[in-house]
Amino acid sequence: MQVMKGQTLLPSQVHVPASARGWLFLALVAHTGWGAYPVLARYLQTEAGLPSMSLMAVSMTGTAAVLALTVRPRWRMLLRQRLLPAFLLAVMVRAVTNLLAARFTHAIYVQLITLMTPWVVALLSALVFHEQAPRYTGRTALVGTVGAGLILSAAIERHGVPQHLTASDVLGLTLAGISVFSLAWYMLLVRRSRSAQWRGDEVFFLQALVVMTVGWGATWLLQEDWTPWTQMDLRDWLVFAAFAGFVLYGANRLQIAALQRLGARAVSALLPWRMVVVLVLGFGLLGEQLSSLRQVIGVLLVIGALVGYLGTSEAGG
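When we follow this note's numbering, the leftmost residue of the sequence shown carries the number 320, and every step to the right adds one.
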């Protein structure tokens, strides 16, 4: 591979998998990080007590600082792109709603709502870009909805006695739903960014700058109390390091690369792996777990529907 004089190659630009299987593996690693996201975010906000917007600001500042030292964006070209406003809006909405959803309801339920992303991707792809949806989208959406209903119905019942979802749960689930639509839109736009000749590192740098700016602006406007940051113990800092390093930096970067190479449909179809991650990590870190056979059946239905969707859909996006 020839390198032009003055050009800096990042690791992600040098070690490129030769086959689609390699990209699918990288996408799976990215999903592992995003599966951990709601658990880590909920822990940092509810257990460590960190204010939401300050958490967003600090974690993304580190990512933006690293990218500032390694990436040379073509600002003039990027600012002329018609795709830019829609991309920035999707990034802002996704970042805020995803973080707050994990604060207000259980990580398992946030991830469950996120599993609907492949069907939202197919819907938006057909409506906005006039692309034909993959086969069996409607059927798998129906099965997944039934599975989600089983999990949520069991969640509001304890020892056979129906319990109402709290206002906090309803708010969290609503935010998670909005987050899913913004994620689907983001995935489609990242895929389109490749045809507009955006580099993956440029996409990520723009994303980091936007989220960092929103975080700092929001924490200042809300006058959040930063005292909890001075009271964190070693475990809290380790969780924060995993959140900022593995998820926000590593998983973000891998997801963008996989989306540009494989497309939104193929990457989003691997989302069932996130539920496996959130169940394991949520139990170990937060003590969250499925509490009934009905919930287990619901999860299996959701995962089975998505696996079937992956097997019957086109890989392209």
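Note that the Cβ used here is the ideal one computed from N, Cα and C, for glycine as well.
Quick check on TRP394: buried or exposed, where buried means 16 or more other Cβ atoms within 10 Å of its Cβ? In this structure TRP394 is exposed. Its beta-carbon is surrounded by fewer than 16 other beta-carbon atoms within 10 angstroms.
Tell me the DSSP secondary structure of ILE616 in three-state form. helix
Under three-state DSSP, which class holds LEU590? coil
Could you tell me whether the Cβ atoms of PHE602 and ASN571 are closer together than 9 Å? no
Quick check: the segment 575-586 against the segment 515-531, are at least 3 beta-carbon pairs closer than 8 Å? yes
Classify HIS334 as helix, strand or coil using the three-state DSSP reduction. Confidence is the limiting factor: at HIS334 the pLDDT is only 41, short of 50, which leaves the residue's position unreliable, though a coordinate-based value still follows. Reduced to three states, the DSSP call for HIS334 is coil.
What residues in its chain sit with their C-beta under 6 Å from that of LEU581, if we drop five residues either side in the sequence? Only TRP342 meet the Cβ criterion.
Looking at VAL509 and GLY354, is the spacing between their C-beta atoms short of 9 Å? no
According to DSSP, simplified to helix, strand and coil, what is SER501? helix
CB-CB under 6 Å to ASP555, same chain, minus the five flanking residues each way: which ones, in chain order? ALA367
Hey, would you say the C-beta of VAL595 is under 8 Å away from at least one heavy atom of the ligand FAD? The ligand FAD is absent from the structure shown, which contains no ligands of any kind.
Using 10 angstroms around the beta-carbon of THR546, count the other beta-carbons present and answer buried if the total reaches 16, otherwise exposed. exposed
Could you give the distance in angstroms between the alpha-carbon of VAL358 and the alpha-carbon of ALA426? 5 Å
When we look at the beta-carbon of MET396 and count the other beta-carbons within 10 Å, is it buried (16 or more) or exposed? Exposed, since its Cβ has fewer than 16 Cβ neighbours within 10 Å.
Rounded straight-line distance, which links the Cα of GLN400 to that of ALA387: Straight-line Cα distance between these residues: approximately 21 Å.
Counting Cβ pairs closer than 8 Å, one from the segment 370-385 and one from the segment 494-510, do we hit at least three? no
DSSP three-state assignment for ASP552, whether helix, strand or coil: In this structure, DSSP gives ASP552 a state outside helix and strand, which the three-state scheme calls coil.
Coarse secondary structure for LEU604, derived from DSSP in three states: Helix.
Under the rule that 16 or more other beta-carbon atoms within 10 Å means buried, what is ALA349, buried or exposed? buried
Leaving out five residues before and five after ALA409 in sequence, what residues of the same chain have Cβ atoms less than 7 Å from its Cβ? SER501, TRP504, TYR505 and LEU508
Under the three-state reduction of DSSP, which class applies to TRP353: helix, strand or coil? helix
Can you tell me which of LEU374, ARG511, PHE562 and LEU403 puts its alpha carbon nearest to the alpha carbon of LEU600? PHE562
State buried or exposed for ARG391, treating a residue as buried only when at least 16 other CB atoms are found within 10 Å of its CB. With fewer than 16 other Cβ atoms within 10 Å, it is exposed.
At the level of alpha carbons, what is the spacing between ARG513 and LEU402? Between ARG513 and LEU402, the C-alpha separation is close to 11 Å.
Given that a residue counts as buried once 16 or more other Cβ atoms are within 10 Å of its Cβ, and exposed if not, what is LEU553? exposed
With a cut-off of 8 Å on the beta carbons, I'd call SER587 and VAL440 a contact; round off their distance for me. Indeed they touch by this definition, with Cβ atoms about 5 Å apart.
Three-way DSSP call (helix, strand, coil) for THR493 in this model: Of the three classes helix, strand and coil, the one that applies to THR493 here is helix, per DSSP.
Whole angstroms are fine: how far does the CA of ARG422 sit from the CA of GLN364? Straight-line measurement puts the Cα of ARG422 at about 6 Å from the Cα of GLN364.
Top-ranked residue by Cα proximity to LEU620, from MET435, SER371 and ALA420: MET435
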